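To keep things clear, I will list the structure first and then write my remarks on it.
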Amino acid sequence: MNANGGGTQSGAPGLAIALALLLCLPVAAHGLVTYNDWTSNDSQSGSYIVTIGHNLATSTWDFFFTVDPWDAEGLGLFIDLGNFDLTDTPLLSNVSWDPSVTGGGVEIWGTDTTSNKCGKGCNVNGLSPPVADPDGEWELVFRLGEQGFDGIQSYNFSINDGALSGISESDWGLIAVRAQQLCPPGTTLSDGDSNCGGSDKSYATPEDGPEVPVPGTLVLMGLGLLLLARGQRKAFVRNAARSALR
Ligand SMILES: [Ca+2]
Ligand SMILES: [Ca+2]
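Residue numbering for the sequence shown follows the working numbering, starting at 61 and increasing by one per position.
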């Protein structure tokens with residue numbers, strides 16, 4: 061009786077772990093696409109870092125743009141998703157910027173466009189990234205702030221994922237940045253440095269792909285744990301039966 065009771069208890073944690081793993085699948089599949097290695101059409105890029113992630117809880121794609129160290133100020137962000145057309149009207153949400161000075165802002169400047177423009181003083185003309193773009197369009201163009209120095213290092217914003225139906229983390233490819241207030245090497249904008257008067261057009265592709273666990277691996281792990289728990293329980297019952305026969 062003790063043996064049977066013990067067997068049931070030893071199998072329960074295994075089952076619980078396996079079930080927890082299976083239940084965690086949608087959360088674990090959440091990954092971030094990161095861009096931090098840039099090529100300029102001139103000699104030097106700003107230290108841009110862009111991360112893009114699919115937020116299942118809010119049904120949005122969340123964008124974070126920063127310059128760290130702060131050696132330039134973003135003005136436009138261009139995104140290519142290959143041969144894709146937006147599936148609904150993109151709507152901006154969760155827009156914020158840091159420092160939260162007045163005069164910032166984010167606008168959707170273009171969608172599925174062949175234009176290299178992102179508003180006054182803003183374009184990526186002459187930037188020729190060596191990446192195939194089957195439809196020759198930027199799927200999304202964002203305008204960040206105003207022309208001239210806004211004093212803004214970072215932007216957060218989101219768009220509804222209904223506008224990008226069918227897109228997963230692995231589909232994010234080329235992006236380009238137009239920036240102003242580019243600083244000389246080794247200097248930053250943190251004190252509003254007046255020497256930071258350059259401009260930049262740069263492009264990047266994602267770093268090492270998105271950090272997404274392969275769901276199939278987790279399913280196999282869960283099934284493996286289930287089988288292990290069942291095997292342990294059967295062995296326990298078998299041993300208990302043998303003991304009873306002796
Ligand atoms: Ca495209
Ligand atoms: Ca397109």
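Beta carbons: idealized from backbone N, C-alpha and C, even for Gly. Just so you know, these numbers come straight off a predicted model, no measurement behind them.
Buried or exposed by the 16-neighbour rule on C-beta atoms within 10 Å, applied to residue i
i	result
Asn64	No answer about Asn64 holds up, because its pLDDT of 39 lies below 50 and its placement is not dependable.
Leu116	exposed
Leu151	exposed
Gly196	exposed
Asn176	buried
Thr174	exposed
Val191	exposed
Val161	exposed
Pro86	Caution is warranted here: a pLDDT of 45 is assigned to Pro86, below 50, making its placement in the model unreliable, and the coordinate value is therefore given only provisionally. Counting Cβ neighbours within 10 Å, Pro86 comes out exposed, since fewer than 16 surround it.
Pro189	buried
Asp221	buried
Gly186	exposed
Thr94	buried
Cys84	Low confidence applies to Cys84: its pLDDT is 48, below 50, so where it sits in the model is not reliable, and the reading given next is rough at best. It is exposed - the Cβ of Cys84 has fewer than 16 other Cβ atoms within 10 Å.
Asp268	exposed
Gly257	exposed
Asp140	buried
Gly246	exposed
Trp169	buried
First through last residue of the beta strand (DSSP E) which encompasses residue i
i	result
Ala117	Note, Ala117: premise wrong, no beta strand (DSSP E); not H, not E.
Ile227	Here Ile227 belongs to no beta strand (DSSP E), and DSSP marks it neither H nor E.
Glu267	Per DSSP, Glu267 belongs to no beta strand (DSSP E) and is neither H nor E.
Thr171	166-173
Gln241	235-242
Leu137	133-139
Ile219	214-220
Val201	198-204
Val93	92-95
Leu152	152-158
Residue nearest to residue i in terms of C-alpha spacing, selected from the options
i	options	result
Asp48	Pro159, Thr265, Ile112, Gly226	As shown, the chain starts at 61 and ends at 306. That puts residue 48 outside it, with no answer to give.
Asp193	Gly186, Asp172, Ser105, Ile219	Asp172
Phe144	Ser119, Asp231, Gln241, Asp221	Asp231
Gly233	Gly181, Thr118, Leu200	Leu200
Lys180	Ala239, Tyr108, Ala223, Leu92	Ala239
Gly211	Val127, Val93, Gly91, Glu167	Val127
Phe125	Pro159, Glu229, Trp198	Pro159
Ser153	Gly163, Gly142, Glu167	Glu167
Gln104	Pro244, Leu146, Asp251, Leu141	Pro244
Gly106	Glu229, Asp268, Ser214, Leu224	Ser214
Val255	Thr265, Pro266, Glu267, Leu242	The sequence shown places Asn at residue 255, not Val. Looking at the Cα atoms, Leu242 is the closest of the given residues.
Gly91	His114, Tyr108, Ile109	His114
Cys178	Thr265, Val110, Phe138, Asp251	Phe138
Ser156	Ala236, Trp130, Asn216	Asn216
Thr111	Phe209, Ile235, Pro129, Trp130	Ile235
Pro390	Pro266, Thr248, Thr265	Coverage of the chain is limited to positions 61 through 306, which leaves residue 390 absent and any answer about it impossible.
Ile109	Val237, Leu146, Phe209	Val237
Phe209	Gly164, Thr265, Pro266, Asn96	Gly164
Residue i CB to nearest heavy atom of ligand 3 below 8 Å
i	result
Asp172	Absence of ligand 3 is noted for the structure shown, with ligand 1 and ligand 2 being the only ligands found.
Test: residue i CB closer than 9 Å to a CB of chain D
i	result
Tyr215	Checking the listed chains, one finds no chain D in this structure; it contains a single protein chain.
Examine the Cβ distances between the region 126-139 and the region 203-215 and report whether three or more of them are shorter than 8 Å. At 8 Å Cβ cutoff, the stretches touch.
At least three beta-carbon pairs within less than 8 Å, the region 256-267 to the region 100-112: yes
Where the beta carbon is closer than 5 Å to any heavy atom of ligand 1, which residues qualify, in chain order? Here the residues close to ligand 1, judged by CB distance below 5 Å to any of its heavy atoms, are Asp140, Asp193, Asp195, Glu197 in chain order.
Closer than 8 Å is the cut-off here; do at least three beta carbon pairs connect the region 117-126 with the region 212-220? Contact annotation: the region 117-126 touches the region 212-220, with at least three C-beta pairs closer than 8 Å.
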